[in-house]
Amino acid sequence: MAFIYRLDSLSATEGRYSFMTESNSFYEVIVSKDKRTLTRYPEMNNNEAKLRKDNHELIILGEFSIEVGKPAIFRLEPLGIFGDCTIRRTNIVKRISYIH
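Residue numbers for the sequence shown follow my numbering, so the first one is 27 and each next one is one higher.
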């Protein structure tokens, strides 16, 4: 059985989390002692909002924090052939949940 707890903010504390943005994109963040990942599930009816590697688990590099009322910013594994990382900035975060 999964328990879901609402949060106002999140930093890299071990666990499984989800958050939703004003564009109705749903994100899942998994933090373990071995790695941290981000998966984005875009709002289904908005074809213009598609991003590279949607629905794929991406490695989060470095620290991050997520706060309701602000955009979240992640430094991710490189998604292209140039550079050593990809920066992803979300729309304003509406809701954060801890999933146990």
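Virtual Cβ for every residue (Gly too), placed ideally from N, Cα, C. It should be emphasised that the depicted structure is a prediction, and the values quoted were computed from it without experimental measurement.
Extent of the continuous beta strand (DSSP E) to which residue i belongs
i          : result
valine 119 : 112-125
serine 91  : 91-93
Residues near residue i in its chain [Cβ-Cβ closer than 6 Å; skip 5 each side]
i            : result
threonine 19 : Not covered by the structure: residue 19. The range shown for the chain is 27 to 126.
Strand pairing of residue i, partner residues [DSSP]
i             : result
glycine 41    : Val57
isoleucine 86 : Leu102
Backbone secondary structure at residue i - three-state DSSP
i                 : result
arginine 62       : strand
phenylalanine 108 : coil
proline 97        : strand
Cutoff 7 Å; reference residue i; Cβ partners in own chain excluding five residues on either side
i             : result
aspartate 110 : Pro104
valine 57     : Ala38, Thr39, Glu40, Gly41
Assigned exposure category for residue i - 16 Cβ within 10 Å defines buried
i                 : result
methionine 27     : Because the pLDDT of methionine 27 is 45, which lies under 50, any placement of that residue in the model is unreliable, and the question is left without a value.
phenylalanine 108 : exposed
Contacts around residue i, its chain only, beta-carbon distance under 8 Å, and the 5 residues preceding and following it disregarded
i              : result
isoleucine 113 : Ile99, Phe100, Arg101, Leu102
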